[in-house]
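Residues in the sequence shown are numbered from 1 upward in steps of one, following my numbering. Let me begin by presenting the structure, written as structure tokens, before commenting on it.
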Amino acid sequence: MKNQTKKLTATAMFCALAFLATAIGRIPLVLFLKYDPKDVVIAIGGLIFGPFTSFVIALIVSFIQMLTISESGLLGFFMNVLSSCSFACTAAFIYRRKRRLSGAMAGLLSGIVCMAAVMLLWNYLIAPIYMGYPREEIVRLLLPAFLPFNLIKGGLNAAITMLLYKPVVTALRRSHLLDTETDAAKARIYPAIICTAFLIIITCILIILSLKGLL
């Protein structure tokens, strides 16, 4: 019972942080498409507590987003949940089956690929409805806009998750919201992880600048 209360408290904190990231952290990337780091928070919650926690956080945050800052209604809510879950739940599911560094890296990489593929399909199916564009126009945007956007978004999500996972786990332990014997508490930051994360971030920034014609 005590552990469940701790988990619920931590999940509520993740929900608040994810919504805050959505509300104040939106950055234009490709054309009209904007990046926000909420999936980082959702992914970290899932890596610590499991894929169902990622799903719950994504559902709650997307619902609050729909009621407050979103202009795309139920379809936007559906697309937000789909995008967040395809990345975060995939990463958390793979890591849960292989709770080692290799499992975390494989999960994050699989999350990037899964999100890019899933969103490519659903942007083709749904985007013409909630964006008000003809389907032919959406088809022309799939490869030059939607695909690079989701790959860049996934890359940034994975890199920032690598950098923040250990500090978040440490903070939860110090707040007594995570037991010390939990696998997540044994996470260590390796120099290779930091270097890889920064390399991914720099690569994503260079791609963004190139797409904007600044390089």
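Just so you know, even glycine gets a beta-carbon here, dropped at the ideal spot from N, CA and C. Bear in mind that the values here come from a model prediction, so they are computed numbers and not experimental data.
Tell me where the beta strand (DSSP E) around residue i begins and ends.
{"i": "residue 27", "result": "27-30"}
Locate the alpha helix (DSSP H) running through residue i, then write down its first and last residues.
{"i": "residue 34", "result": "Note, residue 34: premise wrong, no alpha helix (DSSP H); beta strand (DSSP E) at 33-35."}
{"i": "residue 102", "result": "101-131"}
{"i": "residue 146", "result": "From DSSP, residue 146 is part of no alpha helix (DSSP H); its letter is neither H nor E."}
{"i": "residue 191", "result": "191-211"}
{"i": "residue 69", "result": "Neither: residue 69 is in no alpha helix (DSSP H) and is coded neither H nor E."}
{"i": "residue 46", "result": "38-49"}
{"i": "residue 177", "result": "Neither: residue 177 is in no alpha helix (DSSP H) and is coded neither H nor E."}
{"i": "residue 2", "result": "2-24"}
{"i": "residue 141", "result": "135-141"}
Out of the options, which one is the CA nearest neighbour of residue i?
{"i": "residue 31", "options": "144, 202 and 156", "result": "144"}
{"i": "residue 111", "options": "205, 158 and 53", "result": "158"}
{"i": "residue 19", "options": "2, 199, 113 and 40", "result": "40"}
{"i": "residue 64", "options": "213, 38 and 88", "result": "38"}
{"i": "residue 90", "options": "50, 17 and 33", "result": "50"}
{"i": "residue 92", "options": "175, 76, 69 and 54", "result": "54"}
{"i": "residue 166", "options": "191, 148, 152 and 155", "result": "191"}
Should the stretch 5-15 be called in touch with the stretch 126-133, which here means at least 3 C-beta pairs below 8 Å?
no
Could you say if the stretch 16-24 and the stretch 201-212 meet the contact criterion of at least three C-beta pairs nearer than 8 Å?
no
Pairing CB atoms from the stretch 131-142 with CB atoms from the stretch 98-115, are three or more of them under 8 Å?
no
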